[in-house]
Each structure stands twice: as structure tokens, then as C-alpha cells.
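Sequence order for the protein chains is P and Y.
The numbering used here applies: residue 27 is where the first sequence begins, and numbers increase by one.
The numbering used here applies: residue 13 is where the second sequence begins, and numbers increase by one.
First the structure, in the form of C-alpha cells, and then the observations on it.
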Amino acid sequence: MQVESFQYDNKTVRNFAIATIIWGVVGMTVGLWIALQLVFPTVLNLQPYFNFGRIRPLHTNAVIFAFVGNAMFMGVYYSLQRLLKARMFSDVLSKIHFWGWQLIIVAAAITLPLGISTAKEYAELEWPIDIAITLIWVVFGFNMFATIIKRRERHLYVAVWFYIATFVTVAVLHLVNSFELPVTLFKSYSWYAGVQDALVQWWYGHNAVAFFLTTPFLGLMYYFLPKAANRPVFSYKLSIIHFWALIFLYIWAGPHHLLYTALPNWAQSLGIVFSFMLIFPSWGGMINGLLTLRGAWDKVREDVILKFMVVAVTAYGMATFEGPMLSLKSINAVAHFSDWIIAHVHIGGLGWNGMLTFGILYWLIPRIYRTELYSKKLANIHFWLATLGILFYAIPMYWAGWQQVSMWKQFTESGQLKYQFLETVTYMAPFYAMRALGGALYLTGAIVGMVNFFKTISKGNLLANEDAQAPALEKTYTKHAGEHWHRWIERKPTPFLLLSLVVILIGGLVELVPTFLVKSNIPTISSVKPYTPLELQGRDIYTREGCYTCHSQMIRPFRSETERYGEYSKAGEFVYDHPFQWGSKRTGPDLAREGAGNLKKSNTWHYNHLEEPNAISTGSVMPSYSFLIDANLDTASTPLKINAMRTLGVPYAADYAHKANQDLMTQAQGISDNLKKDGIKVAPNKEIIALIAYLQRLGTDITKK
Amino acid sequence: MGVIVILIIVSVLVAGGFLLAFIWSVKTGQMEDDYTPSVRILFEDEVKVVAKK
Chain P
27 MQVESFQYDN KTVRNFAIAT IIWGVVGMTV GLWIALQLVF PTVLNLQPYF NFGRIRPLHT
87 NAVIFAFVGN AMFMGVYYSL QRLLKARMFS DVLSKIHFWG WQLIIVAAAI TLPLGISTAK
147 EYAELEWPID IAITLIWVVF GFNMFATIIK RRERHLYVAV WFYIATFVTV AVLHLVNSFE
207 LPVTLFKSYS WYAGVQDALV QWWYGHNAVA FFLTTPFLGL MYYFLPKAAN RPVFSYKLSI
267 IHFWALIFLY IWAGPHHLLY TALPNWAQSL GIVFSFMLIF PSWGGMINGL LTLRGAWDKV
327 REDVILKFMV VAVTAYGMAT FEGPMLSLKS INAVAHFSDW IIAHVHIGGL GWNGMLTFGI
387 LYWLIPRIYR TELYSKKLAN IHFWLATLGI LFYAIPMYWA GWQQVSMWKQ FTESGQLKYQ
447 FLETVTYMAP FYAMRALGGA LYLTGAIVGM VNFFKTISKG NLLANEDAQA PALEKTYTKH
507 AGEHWHRWIE RKPTPFLLLS LVVILIGGLV ELVPTFLVKS NIPTISSVKP YTPLELQGRD
567 IYTREGCYTC HSQMIRPFRS ETERYGEYSK AGEFVYDHPF QWGSKRTGPD LAREGAGNLK
627 KSNTWHYNHL EEPNAISTGS VMPSYSFLID ANLDTASTPL KINAMRTLGV PYAADYAHKA
687 NQDLMTQAQG ISDNLKKDGI KVAPNKEIIA LIAYLQRLGT DITKK
Chain Y
13 MGVIVILIIV SVLVAGGFLL AFIWSVKTGQ MEDDYTPSVR ILFEDEVKVV AKK
């Protein structure tokens, strides 16, 4: 058998590593900033670009797609080459992948503070960036599969399987969820409306957690943990079972994000059953990781890399125990919309993704730079800062979540709600402060790590191309006479399979989705009417400002909610909502019936409250939106928006686009005149008028006869 | 709720794809050796090259 000489590409690995370090610090800094905004709302909200609603998506996108994304690529590019005994298929593709991904991140960092957002959580980036993500993801996939094909190792190690699942599923999720109709270069409407949009979004959202934050990192765990401990994984058999069980179960779990909402009950139950079953493969994986260190715990005491990894795997175990529990209806009824969920996701983010990433960085950087780590002591300091940071973050948030929910649901003996919503907000202040302290500790650790990494880099020399030798893969197949015609497919199953899958999906979606969805958006409640042009514009301001990051629009059928917010939400009320705005967190109160019943407020109240929330509701953590008073409404876009909505099946009259602005001005003039009675002079063409019109419309339709 | 049909079709396609991949991997012997792959990844292939030079 001939031994071939080749070289591993370490340069791309290095590039992704540096991007991971820098974006990690940036993303966590923004996280700390928004955490502090909740403590010092009037000082730290810099409107309009750096209000909470605009930079919270910046934080989530930065840590998920920039920090964890780059870390994933770093680990994949390093381990894939070595597992397959082959250099990456194409250096050019590697380069396009790296720089393309960084450009996408920069585009996100610019557009999100500008308010260019689809307002769908973890998929906020607008349609041109969505297309760029698709292209770069395909480049990544192509490069990976081409490398798999030219591999020198027949067996695909379990990590490679995790990488393949990541690529395929994220591609599918992104395509389905990003189905949107462009209105202008920076504005699109989700193709789906209301309940449908919610279901697609959380099918995506949950699986983004599964296939962007979990499966690639499990692959990394199965490579780097044994490498760092220098011992084989506890049970390779278990890892195979772990992989196959996990991917078959994960994709069905999405509806657990929508329990007790207007989603059909059978879909909720499906989500719960699969979510609960997930605990078995998840814990199988965790146990496999931890038991790899059996008999080697003395190494863990000495080796900071293993310490990081042990905390990571432990956090994975905790988060994946909590996940199935939170998907049970009775627990979800308590935890949903509260700060408990914030604690839960940060156990996953800071613990699992963060600690594993740092562990890998400490292992990998000295290796590719052919030197020793600059300082073991600093690495230990980083470890303790990060570990304490997680605890200081999570414990106050768990406590806060419980406290918050108890107050939301508390009735007096005479059957009245005991607490105003605002009381629950002001009660949170010390918890939010402690959480910010935890975040600051974790960030300090990351900065210490960054210094350590860069010092290590500066004293070493990058081995850009690492020599390696391996025997060529024997061609096991020889064509024989009289074989069946389909033998050629069987010879190249993986690429063929994936290619056909992608083709079928794209073709099927393009054909099916538009006709199918427009029909099924037909309203079921006759009094629910499309938004007026002014309300539609106001709604677009609501989505632009990221109001959904703090306000839900979904009243669940509990007495504590119907007493506070009014009649519970019905699926038929959301049929014209492109995108849906149900939200996932109540830092502020639910707004589903803001314009109806007891919650109805005057235009003047809304005006004053948007201008200076704290002046109306003392202790409110909402940012000021006084810039909306000066900003002119972009009425030129009204006809485009009406036509786009018509395309999506919203029943405006055929020629309504031309008349829409007349109606818009009439309604705006009415609100302006109404405000004038209270001595507030504001021209009808200002953005605040449109937003007030939208808020006053919320939840009113079903009360009309 | 028309979209749920699409999501189920897509999910079944993905799961079906993985099922085929699973069957393929079993048939081609990927699962036959459930011990040595875990050990083999611990060996680096570049060391020998350096020694030869």
C-alpha cells in the first residue's frame, strides 16, 4: 500500500481561532451592556441605535453566529482534516468560507443597530444577508463533503457524523425559516403569518440550538476531549447510539416553545413527547464525555484544558436535563416568559459552548504555533473567573425567575391580582445587578484568555502547513460484469443522498409554500381585519425597534394572565401578522390586548410613555423612544408594503396601494388632533403617531361586533 | 395550520435522509468496529514524517 505525503491546513484553523476570540469578547461585551441597561436604563440606552431592543439581537447573533459559529468552524477544520487524513478539499473555498462568514458578521453588526431586522428571534438578519449566509454555508458544506470524498480513512469517526448532521440540518432550517418577501433592499415580510410563522420560527429556533450549538459541539467534544485527556472515549458504541438517537429526536421538539399558545394541542403534545425523550441521548453523551476521564481525574486537577472541558460537559448535562423538564406543560406554565429561561440558555451558552470553546483554544493554539502556552496561571485564573461567572449569572436569574413568576401569579384572598406588573419589574433590579456582575466576571475571564492567547501567538510560529503521511485509501470496489444498474448510486451514497435531498427540498419549497400558505391564511374570525396603512407602518416600527425582545403578544389561558391582560389569545387573531410577534420574554407586560378592555390607554398616555417611560411608570426599565417624535414616517414605502401584503394574501382591495397614503394621513391627523387636545403638538407625519396607532389597535378586533 | 404539513414533510425528509445514511453506514461496515476508532484518533500521523527527514 502506497504511503502518501500531504499537509494539513492550519492557517484557516488559526484564522477561525482568532475570529472566535475577538468576536467572543465583542459579543459578551454587548451582552454585559444590555444586562447593565436593565439596571441603569436611563443612562445606558442610547437611542435610537443602542436601545435594548436593537442591541439585544446584536448580542444573541454575535455570541451564537460569531463566537460559537467561528469556534465550530475552527474545531471542524482542525479535526476533520486529521480524522479523514486529508487536507481540506480547497484552500480557496476555505478562504471564501472564512472571509464570507466574517463579512456576514460585520453586516449583522451594522444592520442590527440600524434597526434593519426581520424581528424573528435568532433569525433577525434581513434577506440580503440571509442569501449570503446560504451561499457561505453551501461553500462550507461543499468543502467538507469534497474532503470526505477524498479521505484516506475509510471509517468516519463519530465527530464527522455530527458535522454532517450540522451542515444538512442547519441548511434546511435556514431555508425554511428565511422564506420572506422582500419589500425594499432592507425590509422583508415573513412569508408565514401568525401561528404558522410562530411554528416555523420555533421549529427553526429550537433546532438552531440543536444543530448549531449542540451537534457540532458534541462532535468537537468527541474529538478534543479524548485528545486533551489522551485516552479514548469511554464507549465508542455509546457515541454511535448517542448520535443517531439525538438526530432522530431533535427535529420534532420545536413546539415546546409554544405550549399553552394558540398552537393546536396535538402539535404541542408531539413537541413535549420528543423533548422528553431527548434526555436519554443527551445524558448518554454527557456520561460518555465524563466517563472518558474515569481514572484520569488526577489529570483534571492539573490540566486547565480538562477543567474547562469538564465544566462544559457538566453544563451540557444540566441544560439537557432542564430542557426536557421545561418542556413539560406544568413546568413550562411557570417558567415561560420569565428570567428562568435566561438562566437556562446561559448555562448552555456560557457553560457548554463557552467553556468547551476555551478548552479547545487552550489545547489548539500552542499546538499550531509550536510553543507552550504563555501562562498556565492566567489560564487557571480564566477558568475560575468563568466558572464563578456562570454561577453568579445563573443563580440570581433562577431566583429572579421564580420570584417573578410567583408575583405574576399571586392573588389576594379576595381574588384580585396581588402585584402590579411594574412592582415585579422593580423587584428584579438587584437580581439584574447580580447577573451583570456574573457576566462581568465571565467577560473578564475571556479577556484574560485573549491576552494569554495573543501572548502565546506572539512567541510562537504558526505551522501553516503541517506535514502528514497516511496510506492511500484502498479502492475496495471493482466493477464486475452483470451488476445491477443502481450499483453506482450505492457506491457514492452520501454525496448523492445529500445532493438529492437539497434539490428536493428547494424545489418542493419553491413550488408548494406560496400557494399552500396563502390559502391557509384565510381568517377564521370574521371581525379580524387587516391593519390600516398607518397601523401597518406602526407595526414595522414596532418590529424595527425590537419590542418583541421584552414584550410578548400572547395571552395564555391562565386566570393570572386573563385577569391581567384580558381574553386569552386566539389563533385567528394573528392571520395578518407577518411576522408574528408573540415574543418569548416578559421583561415588560404582554401587549396582545394593549388597545382593548382594561388596558386601553389614551393616545396622550402612550405619547408620554414612549417619550419618557420612567416619568409615567416610575422604576420602568424601558428605554426612551423620544426620537420617534422627531422622525418622519417613510410614507413612500406604504404602497410597496400594501402590495407586498396583498401578495402574501392579506385582503386589501386591488387598487388600495394608491389610496393607502390618503387613509394613512386621515388616521394620523385624527391622532394628532386628539393629542392636541391635551396640549401635545406633534405633526401627523411623525413615526410616533404610527406606533401609537398600532398599539391602540392591538387586540381590539375580537371585541368588535 | 397548513404550514405544519410542510414542516412535517421537511422533517420527515431530513429524518429519512439520516435513516438512509444510517442504513448506508451499517451496510458499509462503519459500525462493525466499535472500539479501535476511538483509539486510532489519538495517534498523530505527522510524527513519523518528521522522524524520516
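By construction, the Cβ of each residue, glycine as well, lies at the ideal position given by its N, Cα and C atoms.
Distance cut-off 7 Å: residue i Cβ against heavy atoms of the ligand ZN
i       : result
P281(P) : By its list of ligands, the structure shown contains no ligand whatsoever, and the ligand ZN lies outside what it can speak to.
Chain Y contact residues for residue i, given Cβ-Cβ distances below 9 Å
i       : result
Y218(P) : V15
L225(P) : M13, V15, I16, L19
A158(P) : Those within 9 Å of A158(P) in chain Y number zero; the least Cβ separation is about 22 Å.
W228(P) : Here the premise fails: no neighbours, minimum Cβ distance about 10 Å.
K253(P) : I53, L54
Short CB-CB distance (under 8 Å) between residue i and chain Y
i       : result
T240(P) : no
Y183(P) : yes
A293(P) : yes
V326(P) : no
I515(P) : Here the model assigns I515(P) a pLDDT of 48, short of 50, so the residue's position is not dependable, and the following value carries that caveat. I515(P) does not count as touching chain Y.
T346(P) : no
V477(P) : no
I174(P) : no
H512(P) : Because H512(P) sits at a pLDDT of 48, beneath the cut-off of 50, its placement in the model cannot be relied upon, and the following sentence gives the value as read from the coordinates. Judged by the 8 Å Cβ criterion, H512(P) is not in contact with chain Y.
V58(P)  : Looking at the sequence shown, residue 58(P) is not Val but Leu. It does not: the Cβ of L58(P) has no partner Cβ on chain Y nearer than 8 Å.
Y720(P) : no
T38(P)  : no
Q222(P) : yes
F42(P)  : no
T192(P) : no
K263(P) : yes
W389(P) : no
E30(P)  : no
T195(P) : yes
W278(P) : yes
I581(P) : no
Proximity of residue i and residue j at Cβ, strictly below 8 Å
i       : j       : result
F93(P)  : T55(P)  : no
F193(P) : H123(P) : no
Y388(P) : F334(P) : yes
L617(P) : Q563(P) : no
L560(P) : A345(P) : no
L19(Y)  : L225(P) : yes
G415(P) : G471(P) : yes
I16(Y)  : A135(P) : no
L269(P) : V184(P) : One point to set straight first is that residue 269(P) is Phe, not Leu, in the sequence displayed. Against a cut-off of 8 Å, the Cβ pair of V184(P) and F269(P) comes out as a contact.
Of the residues the options, the one placed nearest residue i, counting alpha carbons only
i       : options                            : result
E571(P) : G95(P), F78(P), L151(P)            : F78(P)
V554(P) : V451(P), S595(P), A158(P)          : S595(P)
F479(P) : D493(P), T438(P), G385(P)          : G385(P)
H181(P) : S37(Y), E56(Y), L54(Y)             : S37(Y)
L319(P) : P252(P), V474(P), A472(P)          : P252(P)
D329(P) : I313(P), A255(P), L304(P), K355(P) : A255(P)
W125(P) : W163(P), I142(P), L106(P)          : W163(P)
R113(P) : K730(P), R178(P), Y148(P), G614(P) : R178(P)
A97(P)  : L138(P), Y249(P), K685(P), W49(P)  : W49(P)
T144(P) : F115(P), R108(P), Q227(P)          : Q227(P)
I175(P) : S116(P), Y215(P), G231(P)          : S116(P)
G14(Y)  : A219(P), F32(P), M100(P)           : A219(P)
L296(P) : M247(P), G280(P), F188(P), F42(P)  : G280(P)
I718(P) : G645(P), E398(P), R565(P), G725(P) : R565(P)
Within chain Y, the residues that residue i reaches when beta carbons sit closer than 7 Å
i       : result
V198(P) : V22, V26
M274(P) : Rather than Met, the amino acid found at residue 274(P) in this sequence is Phe. Chain Y residues near F274(P): A27, F30.
P258(P) : S50, V51, L54
I551(P) : Per Cβ cutoff of 7 Å: no residues; I551(P) is ~15 Å from chain Y at best.
L109(P) : I53
W270(P) : F34
Identified DSSP bridge partners for residue i
i       : result
S216(P) : E206(P)
D727(P) : Looking at the DSSP assignment, D727(P) forms no beta bridge with any residue, so it has no partner.
S3(P)   : The structure shown does not extend to residue 3(P), since chain P is modelled only from 27 to 731, so the question has no answer here.
L72(P)  : F76(P)
N658(P) : K712(P)
K611(P) : F363(P)
F437(P) : L443(P)
Cutoff 8 Å: residue i Cβ touching any chain P Cβ
i      : result
Q42(Y) : yes
Contacts that residue i makes with chain Y (C-beta to C-beta distance below 8 Å)
i       : result
V202(P) : I18, L19, V22
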